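Asks:
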Amino acid sequence: MFCGAGPLQREVIVAALDGHDVFIQAATSFGKSLCFQLPAVIDHGITIVISPLLSLMTDQVNALQSAGIAAGTINGNTAWPERQRLLADLESGHPLTRLLYVTPEQCSAEGFRKHLRTVHEQRELARIAVDEAHCISEWGHDFRKSFKNLSWFRESFPDVPIICLTATATDQVRQDVLSTMGLSESNLKVFRMTTNRENLHYEVRFKSDELDHFNDFLHWLKGVHRNRMENPERRAELEQKHERLDNVSGIIYTLFRQDCESLASRLRNSGIGARAYHAGLTHEEKTETLNRWINNDKGYDVIVATTAFGMGIDKENVLWGKCGACL
1 MFCGAGPLQR EVIVAALDGH DVFIQAATSF GKSLCFQLPA VIDHGITIVI
51 SPLLSLMTDQ VNALQSAGIA AGTINGNTAW PERQRLLADL ESGHPLTRLL
101 YVTPEQCSAE GFRKHLRTVH EQRELARIAV DEAHCISEWG HDFRKSFKNL
151 SWFRESFPDV PIICLTATAT DQVRQDVLST MGLSESNLKV FRMTTNRENL
201 HYEVRFKSDE LDHFNDFLHW LKGVHRNRME NPERRAELEQ KHERLDNVSG
251 IIYTLFRQDC ESLASRLRNS GIGARAYHAG LTHEEKTETL NRWINNDKGY
301 DVIVATTAFG MGIDKENVLW GKCGACL
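According to full-length UniProt numbering, the sequence shown holds residues 1 to 327 in order.
So, in structure tokens, the structure goes:
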């Protein structure tokens, strides 16, 4: 049952299956999602997953469906027939869906709450999972007011376990999350892992007096590409995996949409396959960009994004990340 899980993941999963409320703080790539996905598959009923990031929801739902797991999402981009199908599934009281991903705003809709009450009355509401839980706290760096309304779940369904997950939370933020979600110590398991990652290298590059540091960054990126091509062991490994040798997959985060577009364009003009990702793009444009980047398509090596992209996309060959404000 747990053959693909690490030791600490097993502890979290067992706690969830035993009916405990859970708070887990662990770095990106720890595998936090598995800590509610596996119990959802094993347990009876439906797990409601609340996430603020549309791209992350899409990524996880696609992966679950590819594995043959009944998963879906209701958000502003969900096609009307699919939305109606999922709501009808809830309204039945005995949903076939195992994991339903929704936004915190969706959870405030009375119609949606009515469907959840129906599911709960039939003892089919297995668990509530709150991803990016630091957004609950006004002390958090990503506070969203709609997250405060999630206290409704404990007030309405006191017997339904809640699991809160985050990669970043101070003690103050953690206490705020626990208080807001009504997670009492009597039934709570807290797991806090180090954020130190031995496989990551951090580099601080001091800015010179020049206003434009694009050429310096371009020189660095081409150096990464050159090292990748000239390392015989790495080259053989990539060829065995059928990966493109010229792919230097990475993400640049910027503050503003216009910076996304201009920087992506500048990179393309310099021979780097780059695409912008921000909330101003259509759903179709964002979906195509995300999918082609994940699939390592030529011309989609670098994503230049705002926070609309999120930070938990599952892609194993991302080599680097950069703050665009430094360019």
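C-beta: ideal position from N, C-alpha, C; glycine also.
These figures come from a predicted structure and were not determined experimentally.
From Leu99, Thr180, Leu34, Ser33, pick the residue whose C-alpha is nearest to that of Gln65; which is it?
Replies: The shortest C-alpha separation from Gln65 is found at Leu99.
Asks: Just to confirm the assignment: which complete beta strand (DSSP E) runs, minimum length 3, are found wholly within the region 155–198?
Replies: Within the region 155–198, the complete beta strand (DSSP E) runs of at least 3 residues are 162–166, 188–192.
Asks: Taking Ala26 as the reference, give the member of Glu203, Val102, Asp131 with the closest Cα.
Replies: Measuring from the Cα of Ala26, the nearest candidate turns out to be Asp131.
Asks: Is it right to say Lys286 is buried, meaning 16 or more other beta carbons lie within 10 angstroms of its own, or is it exposed?
Replies: Buried, because 16 or more other Cβ atoms sit within 10 Å of the Cβ of Lys286.
Asks: Please tell me whether Thr166 and His134 are closer than 7 Å, where the distance is taken between their beta carbons.
Replies: Yes, the Cβ-Cβ distance between Thr166 and His134 is below 7 Å.
Asks: Please state if the CB of Asp297 and the CB of Pro161 are separated by a distance shorter than 7 Å.
Replies: For Pro161 and Asp297, no; Cβs fall outside 7 Å.
Asks: Under 7 Å between the Cβ atoms of Cys323 and Tyr277?
Replies: No, they are not a contact pair.
Asks: Which residue marks the beginning of the beta strand (DSSP E) containing Thr47, and which one marks its end?
Replies: Its beta strand (DSSP E) spans residues 46–50.
Asks: Hey, how far is the Cα of Ile303 from the Cα of Lys222?
Replies: Going by the C-alpha atoms only, they are around 16 Å apart.
Asks: Count the CB pairs spanning the region 146–160 and the region 70–88 that are closer than 8 Å, and state whether there are at least three.
Replies: Short answer: they don't touch.
Asks: Return the CA-CA distance between Ser146 and Ile128, expressed in angstroms with no decimal places.
Replies: If I take the Cα positions, the gap works out to 16 Å.
Asks: Tell me the DSSP secondary structure of Lys322 in three-state form.
Replies: Strand, per DSSP.
Asks: Give me the residue from Gln172, Ser151, Asp171 with the minimum Cα distance to Ile163.
Replies: Checking every option, the nearest Cα to that of Ile163 belongs to Ser151.
Asks: Assuming contact is defined by CB atoms lying nearer than 7 Å, are Ser270 and Leu319 in contact in what I supplied?
Replies: Against a cut-off of 7 Å, the Cβ pair of Leu319 and Ser270 comes out as no contact.
Asks: Please give me, in chain order, every unbroken run of the alpha helix (DSSP H) with length at least 4 that falls completely inside the region 74–143.
Replies: Runs found: 80–91, 110–121.
Asks: So for Arg244, helix, strand or coil by DSSP?
Replies: The answer is coil: DSSP assigns Arg244 none of H, G, I, E or B.
Asks: What does a CB cutoff of less than 7 Å around His283 pick up in its chain, not counting 5 residues either side in sequence?
Replies: Answer for His283: Asn77, listed in chain order.
Asks: Once you ignore the five residues that flank Glu243 on each side, which residues in its own chain have a CB closer than 8 Å to its CB?
Replies: Taken in chain order, the residues that qualify are Asn296, Asn317.
Asks: Just to confirm my understanding: we take Leu183, look at its own chain, exclude 5 residues before and 5 after, and list those with CB closer than 6 Å. What are they?
Replies: Closer than 6 Å at the Cβ level, and outside the excluded window around Leu183, lie Asp21.
Asks: Determine the closest residue to Gly45 out of His94, Ala274, Leu54, with distance taken between C-alpha atoms.
Replies: Closest option to Gly45, Cα to Cα, is His94.
Asks: Please determine, among Glu203, Arg174, Ala70, the residue with the shortest C-alpha to C-alpha distance to Arg192.
Replies: Per the Cα distances, Arg174.
Asks: For Phe16, which option in Ile50, Ala126, Leu87, Asp301 has the closest C-alpha, if you only look at C-alpha atoms?
Replies: Contrary to the premise, residue 16 reads as Ala rather than Phe in this sequence. Among Ile50, Ala126, Leu87, Asp301, the Cα nearest to that of Ala16 is on Ala126.
Asks: For Arg113, collect the residues of the same chain with a Cβ closer than 8 Å to its Cβ; drop the 5 residues on either side in sequence, then sort them by chain order.
Replies: Excluding residues within five positions, the ones whose Cβ falls inside 8 Å are Cys107, Trp152, Ser156.
Asks: State the Cα-Cα distance for the pair Gln240 and Thr180, rounded to the nearest angstrom.
Replies: Using only the alpha carbons, I get a separation of about 50 Å.
Asks: From which residue to which residue does the alpha helix (DSSP H) around Gly223 run?
Replies: Segment 214–230, the alpha helix (DSSP H) holding Gly223.
Asks: Check for me: the beta strand (DSSP E) holding Ala274 runs from which residue to which?
Replies: Counting along the chain, the beta strand (DSSP E) containing Ala274 begins and ends at 274–277.
Asks: Does DSSP classify Phe153 as helix, strand or coil?
Replies: In this structure, Phe153 counts as helix in the three-state DSSP scheme.
Asks: For Ala264, which residues in the same chain have their Cβ closer than 7 Å to its Cβ, ignoring the five residues on either side in sequence?
Replies: These residues qualify, in order along the chain: Ala274, Arg275, Ala276, Val304.
Asks: May I ask which residues mark the beginning and end of the alpha helix (DSSP H) holding Phe147?
Replies: Per DSSP, Phe147 belongs to the alpha helix (DSSP H) from 145–148.
Asks: Considering Cα atoms alone, identify which of Leu8, Leu178, Lys315, Asp43 is closest to Thr97.
Replies: Closest by alpha carbon: Asp43.
Asks: Return the residue from the list Gln84, Gly68, Ile69 that minimises the CA-CA distance to Asn75.
Replies: Nearest of Gln84, Gly68, Ile69 to Asn75, Cα basis: Gln84.
Asks: Can you tell me which of the three DSSP states Val302 falls into?
Replies: Three-state DSSP puts Val302 in a strand.
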